[in-house]
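Report on the following structure.
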Amino acid sequence: MKFLVVDDSATMRRIVVNSLQRIGFTNSVEAADGVEALARFDSSIAFVITDWNMPNMSGTEFVQALRQREDGRTVPVLMVTARSVREDIITALEAGVNNYIVKPFTPQVLKEKIDSLIVAPAA
Amino acid sequence: MANERASDLLYETASTLRLLDAELGELAPRRSAESTSASPSSLAASLAASDRVLPLLPALFLKAMGEVQAMLASIRTGRESIRAATSERLAHTNEKLDEVSSATGKAALDIMDALDRAIAKVDDLETEEALADRAKSAAIRTDLRDELFAVMGHMQFQDITSQQIMHVQSLLAEMEGRLTEISNLFGNQPGDTNEAPTDAVVGARKQKGAHSFDPNATLADAASRQALADSLVGRGTGNA
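So the protein lines, in turn, are chains A and B. Counted from 1, the first sequence has number 553 at position 100 by the numbering used here; the numbering is strictly sequential. Counted from 1, the second sequence has number 394 at position 204 by the numbering used here; the numbering is strictly sequential.
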């Protein structure tokens, strides 16, 4: 299963990728913002994990653009972000995000959210 | 707004003072002429001109004084609003920097604690009991990996604190913009070496990274914030 990890912080990308490896997912590619993520996304990507606040193109803009693409319409998207006010979470879900993790997170929470989307794939 | 009003008043005052200067300038050569040539006809003409100009001066002085007073009042108002806004933002900046400081301190302590526990696990691995019992040593190694991985998790503080610092930078850029407005109000004097940054430069600084941070980013209450997200996701808000 191939993951696309999108975050402008190299530290966070590394933490997410290492967390994925720890819970058994060893195949991932990385992008530093929404623009790069759209360029890197293809049908081989089975799961997207994205930050919200990024330069050039935010996480919500990226997800909206992804949902417009034929190959990105149903891919599960998990947002991992520091934003945690109610309106922000609703905005992300309306943009097409399937599940939401608030930073800082633990690998256990990451695993739970990924499992929930793999077991019950996005519509 | 206050600055624009002050600029208008400054312009009007300058116009009035120029007018005043012109009127006084008209008087000066005539007075000079009175003392030197003093021919009866020119003296009469000069007195006539003075009679025409002098009655205008009190009104001009009053107008100039009124405009200067209005300009000073406008500057005072502008100064007060800038002072209020700046002190509020400085307080917020201090608050954010305190948060960065405490988040960094907490993360450092968490990392130290995890490293202490990891070192203790390494010590446990070297005991005779662990060396003799493969299952026990395997369990200790698993615990050791968990501790080391926890250290990596604590590194998330870097992402949060960098967002907090970016927020502080944006507040400082905003204050810089306000100070630039004040500086521009008075205009640059010839020979000024410290040029105030232009609005475009200040704007660019504010915009730089404007989408890269969450002003409310925090390490606090992660569990309750996650619970809120879970409840909204569970409610099926949006496309989830």
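From the three backbone atoms N, C-alpha and C, an ideal C-beta is built for every residue, glycine too. All values derive from a computational prediction rather than experimental measurement.
Proximity test, Cβ basis, 9 Å: residue i and chain B
i, result
"Arg-535(A)", "For the record, residue 535(A) in the displayed sequence is Ala; it is not Arg. Yes, its Cβ sits closer than 9 Å to a Cβ of chain B."
"Lys-556(A)", "yes"
"Val-562(A)", "yes"
"Met-507(A)", "yes"
"Asp-524(A)", "no"
"Ile-571(A)", "no"
"Thr-559(A)", "yes"
"Val-584(A)", "No statement about residue 584(A) is possible, as the shown extent of chain A runs from 454 to 576 and does not include it."
"Leu-546(A)", "yes"
"Ile-502(A)", "no"
"Thr-464(A)", "yes"
"Ser-511(A)", "yes"
"Ser-472(A)", "yes"
"Arg-493(A)", "no"
"Val-459(A)", "no"
"Ile-468(A)", "yes"
"Ile-567(A)", "no"
"Asn-552(A)", "yes"
Rounded distance between the beta-carbons of residue j and residue i, thought under 8 Å
i, j, result
"His-344(B)", "Ala-297(B)", "5 Å"
"Met-507(A)", "Ser-402(B)", "6 Å"
"Asn-471(A)", "Phe-456(A)", "Between Phe-456(A) and Asn-471(A) the Cβ distance is about 12 Å, and since that is not below 8 Å, they are no contact."
"Val-459(A)", "Asp-504(A)", "6 Å"
"Thr-534(A)", "Gly-549(A)", "The Cβ separation is near 15 Å, so there is no contact."
"Val-501(A)", "Val-530(A)", "5 Å"
"Asn-185(B)", "Val-562(A)", "Nothing in the structure corresponds to residue 185(B), since chain B is present only between 191 and 430."
"Gln-138(B)", "Thr-544(A)", "Because chain B spans 191 through 430 in this model, residue 138(B) falls outside it and cannot be assessed."
"Pro-557(A)", "Leu-409(B)", "6 Å"
"Leu-280(B)", "Ala-308(B)", "The pair is not a contact, with the Cβ atoms about 42 Å apart (cut-off 8 Å)."
Residue i: first and last residue of the uninterrupted beta strand (DSSP E) it sits in
i, result
"Val-482(A)", "480-484"
"Met-532(A)", "530-534"
Which of helix, strand or coil DSSP assigns to residue i
i, result
"Ala-576(A)", "Confidence at Ala-576(A) is low in this model, with a pLDDT of 45, below 50, so its placement is unreliable and no value can be given for it."
"Val-550(A)", "coil"
"Lys-286(B)", "helix"
"Lys-455(A)", "strand"
"Thr-267(B)", "helix"
"Thr-276(B)", "helix"
"Val-538(A)", "coil"
"Ala-254(B)", "helix"
Endpoints, alpha helix (DSSP H) assigned at residue i
i, result
"Ile-502(A)", "No alpha helix (DSSP H) contains Ile-502(A), which is instead part of the beta strand (DSSP E) from 500-503."
"Ile-468(A)", "463-475"
"His-344(B)", "324-344"
"Arg-415(B)", "412-424"
"Glu-514(A)", "512-521"
"Glu-489(A)", "487-493"
Contact with chain A by residue i, beta-carbon distance below 9 Å
i, result
"Ala-304(B)", "no"
"Gly-343(B)", "yes"
"Ala-419(B)", "yes"
"Thr-294(B)", "no"
"Leu-361(B)", "no"
"Gln-416(B)", "yes"
"Leu-200(B)", "no"
"Gly-428(B)", "With a pLDDT of only 46 at Gly-428(B), under 50, the local geometry of the prediction cannot be trusted, and the value read off the model is given with reservation. Yes - at least one Cβ of chain A is within 9 Å of the one on Gly-428(B)."
"Thr-408(B)", "yes"
"Asp-288(B)", "no"
"Ala-412(B)", "yes"
"His-282(B)", "no"
"Leu-250(B)", "no"
"Asp-404(B)", "yes"
"Val-423(B)", "yes"
"Ile-350(B)", "yes"
"Gln-353(B)", "yes"
Distance cut-off 8 Å: residue i Cβ against heavy atoms of the ligand SAH
i, result
"Ala-499(A)", "As far as ligands go, the structure on display features none, and thus does not contain the ligand SAH."
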